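**Student:** The following block contains the structure, expressed as C-alpha cells.
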Amino acid sequence: MGLVKLLAASLTGLLLTVGGTVALSSGTGTTCAGATVSRADAAAHPAVAGYSGDQLANAADIINAGVQLGLTAQAETLGVMTAMGESSLINLDHGDTAGPDSRGLFQQRASYGTLAERMDPATSARLFYQRLTALPGWETMTPSAAVSAVQINADPEHYAPFFAPATEVVTALTAGAGGACGVGEDAVALAQQLVTAADNGQLRGLVPDHLKEIRWIASGQTVPDCGIDTRILQVMVLAVNQFHQVGVSDINRKCTGQLLGAGTQSSHWINGGGGAVDFYSLGGRSLTGADGQSLRLIGLLDPVMPPGARVGQADCRREAGINLALVHFTQFDDTCNHLHLDVAFTDDPITVG
28 MGLVKLLAAS
38 LTGLLLTVGG
48 TVALSSGTGT
58 TCAGATVSRA
68 DAAAHPAVAG
78 YSGDQLANAA
88 DIINAGVQLG
98 LTAQAETLGV
108 MTAMGESSLI
118 NLDHGDTAGP
128 DSRGLFQQRA
138 SYGTLAERMD
148 PATSARLFYQ
158 RLTALPGWET
168 MTPSAAVSAV
178 QINADPEHYA
188 PFFAPATEVV
198 TALTAGAGGA
208 CGVGEDAVAL
218 AQQLVTAADN
228 GQLRGLVPDH
238 LKEIRWIASG
248 QTVPDCGIDT
258 RILQVMVLAV
268 NQFHQVGVSD
278 INRKCTGQLL
288 GAGTQSSHWI
298 NGGGGAVDFY
308 SLGGRSLTGA
318 DGQSLRLIGL
328 LDPVMPPGAR
338 VGQADCRREA
348 GINLALVHFT
358 QFDDTCNHLH
368 LDVAFTDDPI
378 TVG
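Below, the structure is given as C-alpha cells:
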C-alpha cells in the first residue's frame, strides 16, 4: 500500500478517519521540532497506527531526545521509524540470532554503549541520532536508506513500511505541544530567518526567482508590488522548521509578471501580490498536494491558520481517495505538481505561540 493510501486509510491523532472523510484534529497546536512530549500523556493517548501505551511513551522519549539535540521533526520521525522496525517500540531486553548482544528500542549492539545506556529509551535514541547526523547527506536520502545506513542493514528498503506510521505517531503526539512553534510576527525578522535558510541550502526556489522578494524584505527594502504577506512568511518559516529542506516555486507573481492560472485575479497577484506561496518540495520530496508531506503540512497549519485561508489541490486529493475535513482552510482545485497555500482573502492573523 502506498504512503498516500496508508495515510488516507489510517492517519490518526492529527488525521482522524470519520466515515470516509479524513478530519483534521481541532487541537490548538502543531507538530514542532522543539516541543517536548509528556511520556505520561503519550502513554494515555489513543492508539495511533496500531501503537499504544508504553509503545507511544517510548516514541515520546525518542521525540524528546531529538528535541534536546536540536534536531528537526524529520530526524525525530526517522528515530521513531527505526524503533518501529527494530522493536515495534518495545524496549526489548534480548537480541536475535543476527545480533545476540542487540538490546533496547533500536536493537543496538555492544559497540553503541553499555547495557544500561542501550536499555534507556532516551539514551539509546541519542546514540541513534548521533550516528544519523554524522551520516553525510542523510536529509536528502530516502527515509529507509538513511536508517539502513545507520543500522547497517543490507536491505535499504527494510524500514520503508514504517515511515507512514512513524509520521502518524510523531504528528499525533506532538499535535498539541506548542502553538506555531514560537514563530514571530515581525516581517523583517521572519525574512531574515528565511534568508539564512536559503543561504544554508534549506530553502530553494525556481526560475523566476521569488527568493529575491524575501531578501528585499530582510534587508528592510520596500520594492513596489514585490511584498509578501507576513502570514506567508510565517508559513514558510514553519515549513522550513518542520521539513528542513523546502522548495518554493511562486510567491508574488505581480513582482515577476507571471500571468498563470487565475492571472491578475490570482492570490499571488491581487492586493499587490504576495498573499500566497506554492511549495514544490518538502523534506527533499516532490509534492502533489495529496502526498504524505503535503498532508502533513496541511495538518500542521490548519489549526493555526485564520478562517478563510485556502489550500489548493483539492482535486488531487479527491483522485487519491482523500477527503479532508478542515477546520480553517478552504479547499480549491489546482494542478497536482505543488501545494498552494494562501491568505489573500482573509485579514485575520495566524495564531502563533
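By the count of this note's numbering, the sequence shown reaches residue 380 at its end, each step adding exactly one. For every residue, glycine included, the Cβ atom is placed at its ideal position computed from N, Cα and C. Because the structure is a prediction, the values reported are computed rather than measured.
1) How many whole angstroms separate the CB atoms of residue 196 and residue 76, which I take to be in contact at a CB cut-off of 8 Å?
2) With distances taken Cα to Cα, identify the nearest neighbour of residue 322 among 222, 335, 288 and 270.
3) Within the segment 292-368, note down every full alpha helix (DSSP H) run reaching 4 residues or more, in order along the chain.
4) On the CB-based measure, 16 or more other CB atoms within 10 Å of its CB, does residue 251 come out buried or exposed?
5) Could you spell out where the beta strand (DSSP E) holding residue 273 opens and where it closes?
6) If residue 118 sits next to residue 148, beta carbons under 8 Å apart, how far is it from one beta carbon to the other, in whole angstroms?
7) Should residue 281 be counted as a contact of the ligand NAP given a C-beta to heavy atom distance under 7 Å?
8) In the DSSP output, which residue or residues are listed as bridge partners for residue 232?
9) Is residue 134 helix, strand or coil when you go by DSSP?
10) Determine the burial state of residue 247: buried for a count of at least 16 other Cβ atoms within 10 Å of its Cβ, exposed for fewer.
11) I need the straight-line Cα distance from residue 153 to residue 189, nearest angstrom please.
12) For residue 75, which residues does DSSP report across the bridge?
13) For residue 231, which residues of its own chain have a beta-carbon under 6 Å away from its beta-carbon, when the five flanking residues on both sides are left out?
14) Cα-Cα, which of 106, 97 and 319 is closest to residue 87?
15) Hey, could you find the ends of the alpha helix (DSSP H) residue 150 is sitting in?
16) Residue 290 lies in the alpha helix (DSSP H); which residues open and close that run?
17) Could you compute how far the alpha carbon of residue 174 sits from the alpha carbon of residue 159?
18) Nearest CA to the CA of residue 91: which residue from 79, 169 and 200?
19) Using the three-state DSSP reduction, which class does residue 285 fall into: helix, strand or coil?
20) Under 8 Å by Cβ, that's how I've got residue 25 and residue 260 pegged, so tell me the actual separation to the nearest angstrom.
21) Let's see if you can read the secondary structure: which residues bound the alpha helix (DSSP H) around residue 263?
22) Taking DSSP as the reference, what is the three-state secondary structure of residue 248?
23) If we call anything under 8 Å between Cβ atoms a contact, is residue 359 one with residue 337?
**Tutor:** In short, the structure shows the following:
1) What you label residue 196 is simply residue 169 of the sequence shown in a count that begins at 1. What you label residue 76 is simply residue 49 of the sequence shown in a count that begins at 1. Residue 196 to residue 76, Cβ: 6 Å. Contact.
2) Your numbering for residue 322 matches position 295 in the sequence shown. Residue 270 is the option with its Cα nearest to residue 322.
3) List check, alpha helix (DSSP H) in window: 319-328 and 341-346.
4) As a working note, residue 251 is residue 224 in the sequence shown. By the neighbour-count rule (16 or more Cβ atoms within 10 Å), residue 251 is not buried but exposed.
5) As a first step, residue 273 must be located in the sequence shown, where it is residue number 246. In the DSSP assignment, residue 273 falls within the beta strand (DSSP E) that extends over 273-277.
6) Position 91 of the sequence shown holds residue 118. Position 121 of the sequence shown holds residue 148. Residue 118 to residue 148, Cβ: 6 Å. Contact.
7) Of the ligands one can find in the structure shown there are none, so the ligand NAP has no counterpart to examine.
8) For the purposes of this step, residue 232 is taken as the residue at position 205 of the sequence shown. Note: residue 232 sits in a beta bridge opposite 275.
9) Position 107 of the sequence shown, counted from the start, is the residue given in the question as residue 134. Note: residue 134 maps to coil in three-state DSSP.
10) Stepping through the sequence shown from its first residue, residue 247 is reached at position 220. Residue environment analysis places residue 247 among the exposed positions, since fewer than 16 neighbouring C-beta atoms fall within 10 angstroms of its C-beta.
11) The residue given as residue 153 occupies position 126 in the sequence shown. The residue given as residue 189 occupies position 162 in the sequence shown. Straight-line Cα distance between these residues: approximately 20 Å.
12) The count along the sequence shown starts at 1 and reaches residue 75 at position 48. The partner list for residue 75 (beta bridge, DSSP) reads 78.
13) As a first step, residue 231 must be located in the sequence shown, where it is residue number 204. Closer than 6 Å at the Cβ level, and outside the excluded window around residue 231, lie 274.
14) Against the sequence shown, residue 87 aligns to sequence position 60. If we check each option's Cα against that of residue 87, 106 comes out closest.
15) Locating residue 150 in the sequence shown gives position 123, counting from the first residue. Note, residue 150: alpha helix (DSSP H), 148-160.
16) For this step, residue 290 is matched to residue 263 along the sequence shown. No alpha helix (DSSP H) contains residue 290, which DSSP labels as neither H nor E.
17) The residue you call residue 174 lines up with position 147 of the sequence shown. The residue you call residue 159 lines up with position 132 of the sequence shown. Cα-Cα distance, rounded: 7 Å.
18) Here residue 91 is taken as the residue at index 64 of the sequence shown, counted from 1. Here the closest residue by C-alpha is 200.
19) Here residue 285 refers to the residue found at position 258 of the sequence shown. Three-state DSSP puts residue 285 in coil, outside helix and strand.
20) In the structure displayed, the chain extends from 28 to 380; residue 25 sits before or after that span and is not available.
21) The residue given as residue 263 occupies position 236 in the sequence shown. That run of the alpha helix (DSSP H) goes 257-270.
22) Taking the first residue of the sequence shown as position 1, residue 248 is located at position 221. The three-state secondary structure of residue 248, taken from DSSP, is coil.
23) Taking the sequence shown and counting its residues from 1, one reaches residue 359 at position 332. Taking the sequence shown and counting its residues from 1, one reaches residue 337 at position 310. Yes, they are a contact pair.
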